[in-house]
Amino acid sequence: MENYMLPCMFKKMFGVDCIGCGIQRSFNYIFQGEFVKAFYMFPAIYTTILFFVSIALFVIDKKRNYHKIIISLAIVNACIMILSYVYKMRFLY
10 MENYMLPCMF
20 KKMFGVDCIG
30 CGIQRSFNYI
40 FQGEFVKAFY
50 MFPAIYTTIL
60 FFVSIALFVI
70 DKKRNYHKII
80 ISLAIVNACI
90 MILSYVYKMR
100 FLY
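First residue of the sequence shown? That's 10 in this note's numbering, and the numbers climb one at a time after it.
In structure tokens:
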């Protein structure tokens with residue numbers, strides 16, 4: 010599966026990781042059952058999955074209101090992504 014992953018264009022153009030770098034490898038780790046490695050690869054992986062599940066529920070179930078959940082998960086996900094990116098750029102490079 011790793012042979013079919015898309016390369017990061019941001020990293021190819023600028024030479025630095027983008028804010029979403031590692032998400033494909035993280036999903037790959039989840040499919041392999043390595044959940045801790047998935048978290049270390051991309052810390053926002055689990056909130057991203059919850060975000061997409063809530064969007065799917067919003068599309069499927071029109072009777073309930075998922076707006077607050079989607080907005081809350083988007084904010085939490087963005088914060089985790091930004092904080093982990095700053096940490097990675099500050100301490101790992």
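Even for Gly, the Cβ is constructed at its ideal location relative to N, Cα and C.
Please name the residue, chosen from Ile39, Gly24, Pro16 and Ser63, that lies closest to Pro52 on a Cα-to-Cα basis. That would be Ile39, whose Cα lies nearest to the Cα of Pro52.
Pick helix, strand or coil for Tyr15, following the three-state DSSP scheme. A small fix is needed here, since residue 15 is Leu in this sequence, not Tyr. Looking at Leu15 - three-state DSSP - the assignment turns out to be coil, as it is neither helix nor strand.
Any idea what DSSP makes of Val25, helix, strand or coil? Three-state DSSP puts Val25 in coil, outside helix and strand.
If contact is defined by three or more beta carbon pairs under 8 Å, each pair taking one atom from either stretch, is the stretch 52-70 in contact with the stretch 83-93? Look at the beta carbons and you see the stretch 83-93 touching the stretch 52-70: at least three pairs across the two are nearer than 8 Å.
Bounding residues of the alpha helix (DSSP H) (the contiguous stretch that carries Ala65): Run containing Ala65: Ile54 to Ile69, per the alpha helix (DSSP H) assignment.
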